[in-house]
Amino acid sequence: MKKYDAVVIGAGNGGLVAAIRLLQGGAKVLLVEKHNLPGGFATSFRRGRFEFEASLHELNDFGTKDNAGDVRELFDSLGVTDKIAWMQIPEAYRVIVRSENLDATMPFGVEEFIAKMESYVPGSKESVRKFFDLAEEVRLAQAYSSSVNGKTDSKVMVSQYGNFVRSGSYSVNEVLRTLKMPQKAIDILSAYWCYLGAHLEDMSFVHYASMVNRYIRRGASMPKMRSHEISLALVSRILELGGDVLFNTEATKILQDEKDGGVSGVLLDDGTQISARHVVANCAPHLVYGKMMARVPENVIRATNARKFAGRGFTMFLGLNRTADELGIENHNYFIYDTSDSVKQYENMRTIKDNSVQATVCLNRADPDCSPKGTCMMYFTTLYMSDDWGNVKAQDYFKTKDYVANKMIERFERDTGAKIKDSIEEISVATPMTYARYCGHPEGVIYGYESQYWDGLMPRLLMMGEDYTIRGLRFAGGYSMRLSGYSSAYFSGDISGRQTVGDIKREG
Amino acid sequence: MAYKFKKQIFGFMDLLRFKKLVPNRREKLAAGSAKSLPVTYRVNETAKILHPGFQRAKLVEVILNTSDTKTYIFACERPFYFRAGQYLTLGCKVGNSYVSRPYAISSAPKAALERKVALTVKKCGFFSGYLFDHAKTGDEFTIGDPSGEFCFEPLKDSKNVLALAGGSGITPFYSMAQSIADGTSDFSLTILYGAKTEEDLIFKAELDALVSDKIKVVYVLSNEEKEGYEHGFIGEELIRKYTSGDFTVMMCGPQAMYAFADKELKAFNLPLRRIKKEANCVGVRDV
């Protein structure tokens, strides 16, 4: 039987980074991936003349060489930064809520952001500056916490990062109201909420502030040749470091030790048994505990059932046969909402019928050459906050896809004035079924477990040790301790990979 | 920084609240249901119908359409679904080799929900030849995921579709015609079907039976002149005769047909988005 120190199940963002960390830590590693490509969501696909980016809107916390973010530093440390050609996103976002006469385009750069906000909302600059100062302290507190592997000294936390601790248990809205930020400024600042998929009465302030701060302070980046290039670079690094990678190979079971119920191996779909005492699972705990393990302790079942699935994904990809200028697509990324009230908006995102929200990108605004001359490419993403797609039968699937896609096109045209329908040369639509098919996610959930008030970033990080319940089994990816998002998933792989290296050293 | 954040009257009350984050979560996790976790989910089950992966298929009927074309009807392991115009791979062991080829689906999408699928294949190569000469009911095959983009796209295509079919290239259009007739798809389909003689026309009777206000079929014979049929090749004149206004062209047939059709279509100045092609019938290769 083939023996490894660790098996990484799933070559998604988390799994790929975990595998590299394990190899750097001296472990013998097997990475298994059931698809024939690495990356999970981080990939691309071709239709006609277009190569579409599958999921990445803009990479958070990467930055440039002189303004490096934590993700760039992580990639430097993994040895992959230079394998990828990077480009910068031109502006932060344009948020449109026509029903409230809100149409604000915001720049990167903290000073620029504050100034622009002041121009939209006179008198807002003091509270917005406080927000960024608080957010920066959050970032420093997180850096301190990482530097001591999560084992923070509470005296240090209270004395040096007191604001972080004092704001750390509150939601975004609770903190912004405490800062006495004007409502319109809150509305503009909140635009990014759909990147985290929980409304702002639920979502932890430190989580949201951390993300916004990193975007605005470092700018956002994109790999020139799509996220696929990042995935390829990570795999090539794994191979360079001597890891084994099997594609078209599904891990069907995690085998358990008779005595302690801990990990003893992995069963592959062709019947091969791999012996290993450590697994990093880049997939949902619901899947691992639901169908991959024979003996799951009751407390683990209870804990898993207590979690709430976050948004289910839907993305429409358009290849257009005119340029962005010709079509009137002015910006790189748009947030189009019905209301700035994220609680109300969240409710409207439950069903196929009611959901009209979109986070939309025209990649050509960041890279004019990403599609052939005279064309442009767009992708429109939304989330469903319930399992409404579970009600859609196979025979109604295509009609339902078309209904939603058509709504998205009309909404974009109506709210931006752009004319795109008659210029569609290629159209491809991904639904929760698509994400279920490619990545196995339950219900087509793309955001892991929702950042509910009690299950947000802070408690998850603080309970990392406690959440490690089955010996040898750790998780990476959107369902794990850093929640979802590209940069978060990379970090989860960094954390679980290094933790597993420690586990291996301790117990063999 | 100078600013000191506190939400409650006393900062320490905010601290205490922070300290409760862990006990709160611990409590919530412990209070979760002890019911076993689901083994599957509705969306994931539907995804399996839309993307069934490889499955076994038993040949249950063979129909001779013309002197060199047969339709093979399979009963599959699992129900699945596809869009009319797609193809799937069919494979089996021939001698000591596992061989598979992609063939256009000639049955309607609805039939696949009942685990039935039909492929119509012209004998012109290694595997198609094997099937024509040897395949019999009861034989076991493997079929793959329905694939391909050669389908009507409601959000992009004109509702008037002009289909140019050559030889066995009629297959995807026959699936589309059934799909319109049974209410699955909603568009107007005008098929210009070119063949050498009347005998070479596959599905003539079946297509004639589907003609309606949404489906029109025009047979174009190159080697025969017959009453009720067009004569010659599918060129500009013929296309103009059967179209008006905006239309989407879909072409499926031998390579030579595309070269000819592309030339003839130039006169219409159609943008790329209005023309779709599917490769069909490669034939025997000298590899």
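Same order as they appear, the protein sequences are chains R and L. Quick note: the first sequence uses my numbering, first residue 1270, plus one each step. Quick note: the second sequence uses my numbering, first residue 2, plus one each step. Even for Gly, the Cβ is constructed at its ideal location relative to N, Cα and C. What you are looking at is a predicted structure, and each value in this text was computed from that prediction instead of being measured.
- Membership of Asp1513 of chain R in the beta strand (DSSP E) is indicated by the continuous run 1513 to 1515.
- Here the C-alpha atom of Thr67 of chain L lies approximately 59 Å from the C-alpha atom of Leu1510 of chain R.
- Between Pro1711 of chain R and chain L, the shortest Cβ-Cβ separation is below 8 Å.
- Taken through DSSP and simplified to helix, strand or coil, Lys94 of chain L comes out as strand.
- Against chain L, the beta carbon of Gln1614 of chain R has no neighbour under 8 Å; the closest one sits roughly 23 Å away.
- Relative to the Cα of Glu1470 of chain R, the nearest Cα in the group R:Ala1280, R:Val1397, R:Tyr1439, R:Pro1451 belongs to R:Tyr1439.
- Ser180 of chain L sits close to Pro110 of chain L, with the two beta carbons spaced by under 8 Å.
- Under the three-state reduction of DSSP output, Ala1384 of chain R falls in the helix class.
- A direct Cα-to-Cα measurement between Gln56 of chain L and Pro80 of chain L gives close to 10 Å.
- Between Phe1649 of chain R and the set R:Val1661, R:Leu1537, R:Arg1680, the nearest pair of CA atoms involves R:Arg1680.
- Counting along the chain, the unbroken alpha helix (DSSP H) around Phe128 of chain L starts and ends at 127 to 135.
- Arg84 of chain L belongs to the set of residues whose beta carbon lies under 8 Å from a beta carbon in chain R.
- Taken through DSSP and simplified to helix, strand or coil, Cys1463 of chain R comes out as helix.
- Residue state for Glu150 of chain L is assigned as coil, using DSSP reduced to three classes.
- C-alpha of Ile1764 of chain R to C-alpha of Leu1291 of chain R: approximately 10 Å in a straight line.
- Ser1459 of chain R is classed as buried because its beta carbon has at least 16 other beta carbons within 10 Å across all chains shown.
- Only residues of its own chain outside the window of five on either side were considered, and among them Gln87, Tyr88, Leu89 have a CB closer than 7 Å to the CB of Ser148 of chain L, listed in chain order.
- With contacts defined by Cβ atoms closer than 8 Å, Ile1570 of chain R and Leu38 of chain L form a contacting pair.
- With fewer than 16 neighbouring CB atoms inside 10 Å of its own CB, Leu1508 of chain R falls in the exposed class.
- The beta-carbon of Arg1571 of chain R is placed less than 8 Å from the nearest beta-carbon of chain L.
- Identification of residues in the region 243 to 265 of chain L having a C-beta nearer than 7 Å to some C-beta of chain R yields an empty set.
- Contact annotation: Val1276 of chain R and Leu1299 of chain R have beta-carbon atoms nearer than 8 Å.
- Between Asp158 of chain L and Met1491 of chain R, the alpha-carbon positions lie close to 32 Å from each other.
- Separation of the CB atoms of Ile1523 of chain R and Tyr1273 of chain R is rounded to 13 Å, and the pair is thereby denied contact status at 8 Å.
- Annotation: Ile171 of chain L has no Cβ neighbours in chain R at a cutoff of 9 Å; minimum Cβ distance is about 23 Å.
- Contact annotation: in the region 1524 to 1558 of chain R, residues whose CB is within less than 7 Å of a CB in chain L are His1555, Tyr1558.
- The three-state reading of DSSP puts Met1450 of chain R in coil, since its state is none of H, G, I, E or B.
- Looking at R:Tyr1558, R:Thr1447, R:Lys1352, the one whose alpha-carbon comes closest to that of Lys8 of chain L is R:Thr1447.
- Exclusion of the five residues before and after Glu225 of chain L leaves Lys197, Thr198, Glu199, His232 as the residues of its chain whose Cβ lies within less than 8 Å of its Cβ.
- Between the region 1730 to 1750 of chain R and the region 1312 to 1320 of chain R there are fewer than three inter-stretch CB-CB distances shorter than 8 Å, so the stretches are not counted as touching.
- The beta carbon of Thr121 of chain L sits no closer than 8 Å to any beta carbon of chain R.
- For Leu1731 of chain R, the chain L residues whose Cβ falls inside 9 Å of its Cβ are Leu22, Val23, Arg26, in order along the chain.
- Chain R has no Cβ within less than 8 Å of the Cβ of Lys71 of chain L.
- Residue burial is scored here from C-beta neighbours: Gly1332 of chain R has at least 16 other C-beta atoms within 10 angstroms and is therefore classed as buried.
- Asn161 of chain L sits close to Gly246 of chain L, with the two beta carbons spaced by under 8 Å.
- Cα atoms of Asn1590 of chain R and Val1364 of chain R: separation of roughly 26 Å, rounded to the nearest angstrom.
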